[in-house]
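Count along the sequence shown starting at 1, add 18, and that's the number in my numbering. For glycine and all other residues, C-beta sits at the position ideal for the given N, C-alpha and C. Only a predicted model underlies this, so the values are computations on that prediction, with no experimental measurement involved. Below: the structure, in structure tokens.
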Amino acid sequence: MDVKKLFANSFQKKNNLGDNIMALAPIEPITMNPIIRELMAINGARLLYRPKILPQHLLKAPNWQYWAKIKKISQVKTPSGEIVYDGIQIIARPGDPIKKAVRYIDNYANKIGIRFIDLNFCCPGYKVLPKRRGGDLLKDPETIIKVISEAMKFTNLPISIKIRKGFLNSDTPTKLCSHIRREFGENIAWISVNRAPVKMENVDFSLIKNDFKPFEQAITAVEGKIPIIANGSIETYHDINIIEKNVNINGFMIGRAALGNQTIFHDILDPKYSGIEANNIDNAQIILKFEELFKIISKYKNGSSGRFCSMGELKKILFYYIKHYLESQNKQLPTGYGFSKWNSSKFSPDSLVRALFKIFPTFPEGSWEKWIKSIFN
Ligand SMILES: Cc1cc2nc3c(=O)[nH]c(=O)nc-3n(C[C@H](O)[C@H](O)[C@H](O)COP(=O)(O)O)c2cc1C
Numbered sequence: 019m020d021v022k023k024l025f026a027n028s029f030q031k032k033n034n035l036g037d038n039i040m041a042l043a044p045i046e047p048i049t050m051n052p053i054i055r056e057l058m059a060i061n062g063a064r065l066l067y068r069p070k071i072l073p074q075h076l077l078k079a080p081n082w083q084y085w086a087k088i089k090k091i092s093q094v095k096t097p098s099g100e101i102v103y104d105g106i107q108i109i110a111r112p113g114d115p116i117k118k119a120v121r122y123i124d125n126y127a128n129k130i131g132i133r134f135i136d137l138n139f140c141c142p143g144y145k146v147l148p149k150r151r152g153g154d155l156l157k158d159p160e161t162i163i164k165v166i167s168e169a170m171k172f173t174n175l176p177i178s179i180k181i182r183k184g185f186l187n188s189d190t191p192t193k194l195c196s197h198i199r200r201e202f203g204e205n206i207a208w209i210s211v212n213r214a215p216v217k218m219e220n221v222d223f224s225l226i227k228n229d230f231k232p233f234e235q236a237i238t239a240v241e242g243k244i245p246i247i248a249n250g251s252i253e254t255y256h257d258i259n260i261i262e263k264n265v266n267i268n269g270f271m272i273g274r275a276a277l278g279n280q281t282i283f284h285d286i287l288d289p290k291y292s293g294i295e296a297n298n299i300d301n302a303q304i305i306l307k308f309e310e311l312f313k314i315i316s317k318y319k320n321g322s323s324g325r326f327c328s329m330g331e332l333k334k335i336l337f338y339y340i341k342h343y344l345e346s347q348n349k350q351l352p353t354g355y356g357f358s359k360w361n362s363s364k365f366s367p368d369s370l371v372r373a374l375f376k377i378f379p380t381f382p383e384g385s386w387e388k389w390i391k392s393i394f395n
């Protein structure tokens, strides 16, 4: 991947939002599913990530689903005809078998459709932090430098990193980013910065949502040597616009908001949408989104990729759509369909159709039946 070319326009004086690189955030476990990554790519996301995995786990299960690549990835393009980059994310600390893992990825990169390796220094998981991985490493930048050095030594693939503004809300990414710039300079492909801290207790999220300072600090610290991608609670054109207007950002990474609304990348980039909230959509548009989703699912349903279209996977995928749909309408799930119930319910194709009909009562009768039957016929 020629990272310099990829981000070139984003460093120029920008004429439109389309000069920014759009990325789908890694979300465990859902972005493991290549259907989701393909769906986001055809809507404008150029960087896609499989979610985090420990090097030792990756080496133990070399044939598993983390390797699943997007079908015919070379033919998958964004709406403006650009190629997309599918990557994998490693979560490691010094002492982990980083060398073996990145060599393994390197050897099979073409076969498994991996074009970059991202290193996770951001995960706030309660099982991850005590093991001194992910976001915990933000407390000690030297360990981050060690992990990056080790990975970089043994792969030819671009290495990117994903961080948060810091461990605490009072932290800034300045020291870490300038340290990384001094050690690695342009050899780091890009840095995605989540503007939320690792420790989120007592943090006012309404303030985080409008905060562009962490991006500004990261941009200043890398002195134009490394592209910076903004991440964290980006949900609408308005959120993007605040960042774009205030800092010279190179890209945007969207996670949760994209999983329930795959056209968010497209909606934000398309100049004719400027000023329109990507959330503000009508019934017909939502139906079109489902049409697109099920069309891709159908592509994967035969052969070994059929495992990505199982009832379990479908439930996971639909969860985000339902959540987004209800939240954007300020509604709750109908009685008896709480989100935990949704996740634990065992559906047959028929009972799934009935449940979805209850949740989306304004959809034309037969729509769910048509879509669900197209997978489980
Ligand atoms: C359920 C869930 C799983 C996540 N898994 C990962 C992961 O595997 N790797 C990672 O770097 N970030 C992970 N994240 C963080 C997201 O990548 C992203 O940084 C975060 O959700 C903020 O972006 P958003 O507000 O657009 O969702 C996860 C977040 C959620 C909600």
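First and last residue of the uninterrupted alpha helix (DSSP H) at Ala275
Here residue 275 corresponds to residue number 257 of the sequence shown, with the count starting at 1. Per DSSP, Ala275 belongs to the alpha helix (DSSP H) from 274-277.
Which value, in whole angstroms, describes the spacing of the CA atoms of Gly384 and Ile393?
In the sequence shown, residue 384 corresponds to position 366, counting from 1. In the sequence shown, residue 393 corresponds to position 375, counting from 1. Approximately 15 Å between the Cα atoms of the pair.
Check whether the region 259-269 and the region 27-47 touch, using three or more Cβ-Cβ pairs below 8 Å as the test.
The region 259-269 vs the region 27-47: in contact.
Count the other CB atoms, across all protein chains shown, that sit within 10 Å of the CB of Leu186; report buried if there are 16 or more and exposed otherwise.
Start at 1 with the first residue of the sequence shown, and residue 186 comes out as number 168. Exposed, since its Cβ has fewer than 16 Cβ neighbours within 10 Å.
Can you have a look at Asn320 and say buried or exposed, based on whether 16 or more other CB atoms are within 10 angstroms of its CB?
In the sequence shown, the residue the question calls residue 320 occupies position 302. Looking at its Cβ environment, which holds fewer than 16 other Cβ atoms inside 10 Å, Asn320 is exposed.
Residue from Tyr339, Met19, Tyr144, Ile377 whose Cα sits closest to the Cα of Ile101:
Mapped onto the sequence shown, residue 101 falls at position 83. The shortest Cα separation from Ile101 among Tyr339, Met19, Tyr144, Ile377 belongs to Met19.
DSSP state of Val420 mapped onto helix, strand, coil:
Nothing can be reported for residue 420, as the shown portion of the chain is limited to 19 through 395.
How would you label Asn51, buried or exposed, when you count the other beta carbons within 10 angstroms and need 16 or more for buried?
Taking the first residue of the sequence shown as position 1, residue 51 is located at position 33. Its Cβ being crowded by 16 or more others within 10 Å, Asn51 is buried.
Looking only at C-alpha atoms, which of Ser251, Ser366, Lys243, Thr380 sits nearest to Gln303?
One-based indexing of the sequence shown puts residue 303 at position 285. The residue with the shortest Cα to Cα distance from Gln303 is Thr380.
Nearest-angstrom Cβ-Cβ length linking Ile116 and Ala169, presumed shorter than 8 Å:
On the sequence shown, residue 116 is found 98 positions in, with the first residue counted as 1. On the sequence shown, residue 169 is found 151 positions in, with the first residue counted as 1. Right, their Cβ atoms sit about 5 Å apart.
The region 144-157 / the region 202-209 touching (three or more Cβ pairs under 8 Å)
No: fewer than three Cβ pairs fall under 8 Å.
Three-state secondary structure assigned by DSSP to Gly242:
Locating residue 242 in the sequence shown gives position 224, counting from the first residue. If DSSP states are grouped into helix, strand and coil, Gly242 belongs with coil.
Same chain, Cβ closer than 7 Å to Trp386, five either side skipped, listed in chain order:
Along the sequence shown, one-based indexing puts residue 386 at 368. Cβ contact annotation for Trp386 (same chain, cutoff 7 Å, sequence separation greater than five): Val371, Leu374, Phe375, in chain order.
Does at least one heavy atom of ligand 1 sit under 6 Å from the Cβ of Ala248?
Here residue 248 corresponds to residue number 230 of the sequence shown, with the count starting at 1. No; taking the cut-off as 6 Å, the Cβ of Ala248 has no heavy atom of ligand 1 nearer than that.
Look up Asp104 in the DSSP assignment and say whether it is helix, strand or coil.
Walking along the sequence shown from the start, residue 104 turns up at place 86. Residue state, collapsed to three classes: strand.
Residues bridged to Ser178 (per DSSP)
Position 160 of the sequence shown, counted from the start, is the residue given in the question as residue 178. Note: Ser178 is bridge-paired with Asp136 in the DSSP secondary-structure output.
Checking the sheet assignment: what are the DSSP bridge partners for Phe270?
Within the sequence shown, numbered from 1, the residue matching residue 270 stands at position 252. According to DSSP, residue pairing for Phe270 in a beta bridge involves Met40, Ala248.
By alpha-carbon positions, which one of Leu147, Trp85, Ser358, Ser196 ends up nearest to Val240?
Here residue 240 refers to the residue found at position 222 when the sequence shown is read from its first residue. Answer by Cα proximity: Ser196.
Should Pro115 be counted as a contact of ligand 1 given a C-beta to heavy atom distance under 6 Å?
Here residue 115 corresponds to residue number 97 of the sequence shown, with the count starting at 1. Every heavy atom of ligand 1 is 6 Å or more from the Cβ of Pro115, so no.
Lys145 versus Pro382, Leu72, Asn128, Gly184, residue with shortest Cα-Cα distance
Counting from 1 along the sequence shown, the entry for residue 145 is found at position 127. It is Leu72 whose Cα lies nearest to the Cα of Lys145.
Please return the same chain residues whose Cβ sits closer than 8 Å to the Cβ of Lys164, not counting the five positions on each side in sequence.
Residue 164 sits at position 146 when you count from the first residue of the sequence shown. In chain order, Pro112 place their CB closer than 8 Å to the CB of Lys164, counting only its own chain and leaving out the 5 sequence neighbours on each side.
Is there at least one non-hydrogen atom of ligand 1 closer than 6 Å to the beta-carbon of Ser43?
As a working note, residue 43 is residue 25 in the sequence shown. Here the sequence assigns Ala to residue 43, which means Ser is not the residue at that position. Look at Ala43: its beta carbon is less than 6 Å from one of the heavy atoms in ligand 1.
Which class does Ser435 belong to by DSSP, given the choice of helix, strand or coil?
There is no way to answer for residue 435, as the model of the chain reaches only from 19 to 395.
Exposed or buried, what is Ala26 when buried is set at 16 or more other beta-carbons lying within 10 Å of its beta-carbon?
In the sequence shown, residue 26 corresponds to position 8, counting from 1. With fewer than 16 other Cβ atoms within 10 Å, it is exposed.
Residue interval of the beta strand (DSSP E) (run including Pro69)
Counted from its first residue, the sequence shown places residue 69 at position 51. In the DSSP assignment, Pro69 falls within the beta strand (DSSP E) that extends over 65-71.
Helix, strand or coil, according to DSSP, for Lys95 in the structure here?
Residue 95 sits at position 77 when you count from the first residue of the sequence shown. Strand at Lys95.
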